[in-house]
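Contents: one structure, followed by commentary.
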Amino acid sequence: TDLKSKIEQKIKETLNFKGIVDLVKPDSIERTKMGKARRVIRDY
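Numbered continuously in the numbering used here, the sequence shown closes out at residue 231.
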């Protein structure tokens, strides 16, 4: 399996829910004014 599938499976095993993983290029995630990357997008 590919990396995306492995990560999704590990999330399911560890946290007991289905997580959707999007792999992006390094340094492509917008940072907040505090300097922290925005990694979680809540879609509910």
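In this text, a Cβ means the ideal position worked out from N, Cα and C, and glycines have one as well. Bear in mind the structure is a predicted one, so any value in this text is a computation, not a measurement.
Measuring CB to CB, does K191 end up less than 7 Å from V208?
Mapped onto the sequence shown, residue 191 falls at position 4. Mapped onto the sequence shown, residue 208 falls at position 21. Taking 7 Å as the Cβ cut-off, K191 and V208 qualify as a contacting pair.
Which residues mark the beginning and the end of the alpha helix (DSSP H) in which K219 is found?
Walking along the sequence shown from the start, residue 219 turns up at place 32. In the sequence on display, residue 219 carries Thr and not Lys. DSSP places T219 in no alpha helix (DSSP H); its state is neither H nor E.
Check whether the Cβ atoms of G206 and I216 sit closer than 7 Å, and answer yes or no.
The count along the sequence shown starts at 1 and reaches residue 206 at position 19. The count along the sequence shown starts at 1 and reaches residue 216 at position 29. It is not a contact, given that the beta carbons lie outside the stated cut-off.
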